[in-house]
Amino acid sequence: METPIIIIGTILFLIVVIPVYFVIKANKVDKNQIKTLFAQYSQNNRYSFELVASQNRKALAIDPQNKGLLFIDFNLKEPYVAFRDLAETKGCAVATDNPQGLTNIVKKVEWIFFAKNGMSQSNDLLFHDREKPYIVPVYGYEEQKLAEQWQEVIHKYL
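Here it is as structure tokens:
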């Protein structure tokens, strides 16, 4: 009587523990990559990035004193990293691109940064692109909401 209970208990334990192990391991790898990218983009220790938010395998880090923004997207095979100097930025807006006639499908979500001296060329940051080969399925509408939430965080530090 005790042997079947021990076997069933062991199987249930493994069903719970194995996924938790892989989630913790993936988070540890992401944190190590974030630390490495912080060091790489610190520009000879000019910027001291603090992780502000991390969600859906995306990370947003800001240096409040030197006004630097670092955006990292781990949903691609190679992490997408973008850096912006917020000292030269007046504001930020979220722009979306939908197929014509379809408002429920989001093709692109990007942040457009406005320079203090007007809008400059190539001053945008791609947050979501439907054409990119994401490892994990990413949904444009959720990404749009996330970009809007983080836009408020960016404006807080401007």
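Our numbering numbers the first residue of the sequence shown as 13 and each following residue consecutively. Every residue gets a Cβ at the ideal spot worked out from N, C-alpha and C, and that includes glycine.
- Taking C-beta atoms as the reference points, A51 and L63 fail to come closer than 8 Å.
- According to DSSP, residue pairing for E90 in a beta bridge does not occur.
- A65 and E14 have their C-alpha atoms spaced approximately 48 Å apart.
- In the displayed model, V118 falls within coil according to three-state DSSP, outside both helix and strand.
- Given a length threshold of 3 residues, each whole run of the beta strand (DSSP E) inside the segment 53-108 is given here in chain order: 62-67, 70-75, 80-85, 92-97.
- With distances taken between CA atoms, Q45 lies nearest to K70 out of Y151, K102, K70.
- Our two residues, E90 and I23, have alpha carbons roughly 36 Å apart in a direct line.
- Here F126 is near T101, since their CB atoms are less than 8 Å apart.
- Rounded to the nearest angstrom, the gap between the Cα atoms of Y33 and I27 is 11 Å.
- Residues of the same chain with their beta carbon placed closer than 6 Å to that of K157 are lacking, with the five preceding and five following residues left out of the count.
- In this structure, the beta-carbon distance from L137 to V93 does not fall below 8 Å.
- In summary, V121 is buried, with 16 or more beta-carbon neighbours lying within 10 Å of its beta-carbon over all protein chains present.
- Of K128, E143, D75, the smallest CA-CA separation from I117 is found for E143.
- Measuring C-alpha to C-alpha distances from D42 to each of R58, A159, D85 identifies D85 as the nearest.
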